[in-house]
Amino acid sequence: MTDRPLLLLDVDGPLNPFRSPFAALRGYKSHRMRPEVWLSYRDPESRAARRGVRVRLHPSHGARLLGLPFEIAWATAWTHQANSMISPHIGLPGDLTVVEWPELFARDPEGLSWKTRHLSRWAAGRPFAWVDDMITPRDRSWVAAHHPAPALLLRVHPRHGLRERDFTELTRWAEGISPAGR
Ligand SMILES: [Mg+2]
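Shown next as structure tokens:
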């Protein structure tokens, strides 16, 4: 436990820019993976299931994330497989805290992301930055109204993945809420 804010990190979108046509040119490496959450939607005998899903990851992202003044936790449907399958390729430790979900992709009565309410509860009053491709203005206003500490909801488009501007924004936000940054 530290007094750093939490960095609640999604995989598909921020780390895996699955809509980027030029990821390889930007230094991303391509991998084939068979995460449980992905396999659960496929016929195990199918060619797609045997081949796995393509995941693009940037080898430098782990070091960049570890350089931020946050305590990182996985906030992804990959759950524990983010530690075993994603971390080794980007240089994150394989034992990061993992947010466990009561139900994956649950429909929200107010149209929030299926993660929003649970993440606020999970953060238990601590400040957090949540980095995800599925954040909408509804999630932002709900968190602003309900989370009792500062929260940054940073949407990263799956065409881009994490970019320099995102690291800058995360750093500035963390500095802005910590006593040392004032
Ligand atoms: Mg995502």
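Numbering-wise, the working numbering puts 923 at position 99 of the sequence shown, and it's gapless, one number per residue.
For glycine and all other residues, C-beta sits at the position ideal for the given N, C-alpha and C.
Under the DSSP assignment, Ile1001 falls in the alpha helix (DSSP H) whose first and last residues are Glu988 to Ile1001. When distances are taken from the beta-carbon of Pro841 to the heavy atoms of ligand 1, even the shortest one reaches 8 angstroms or more. Exclusion of Val861 from the 8 angstroms shell around ligand 1 follows from its C-beta lying no nearer than that to any non-hydrogen atom of the ligand.
When the alpha-carbon of Arg987 is set against those of Leu889, Val879, Gly935 and Gly918, the nearest one is in Leu889. Comparing C-alpha distances from Leu916 to each of Glu895, His984 and Ala968 shows the shortest one belongs to Glu895. Annotation for Ser911: Gly918 place their beta carbon closer than 6 angstroms to its own, counting only its chain and skipping 5 residues before and after. If only complete runs of 4 or more residues are kept, the segment 928-954 shows the alpha helix (DSSP H) at 940-947, in order along the chain.
One residue after another in chain order, those with a Cβ under 5 angstroms from a heavy atom of ligand 1 are Asp834, Asp836, Gly837 and Asp957. DSSP places Met958 in the coil class of the three-state scheme, outside both helix and strand. Bounds of the alpha helix (DSSP H) holding Arg888 are His885 to Leu890. Restricting attention to Arg983, Trp946 and Arg950, the CA atom closest to the CA of Asp957 is found in Arg983. Within the same chain, Cβ atoms closer than 6 angstroms to the Cβ of Thr921 are found at Ala897, the five residues on either side in sequence being excluded.
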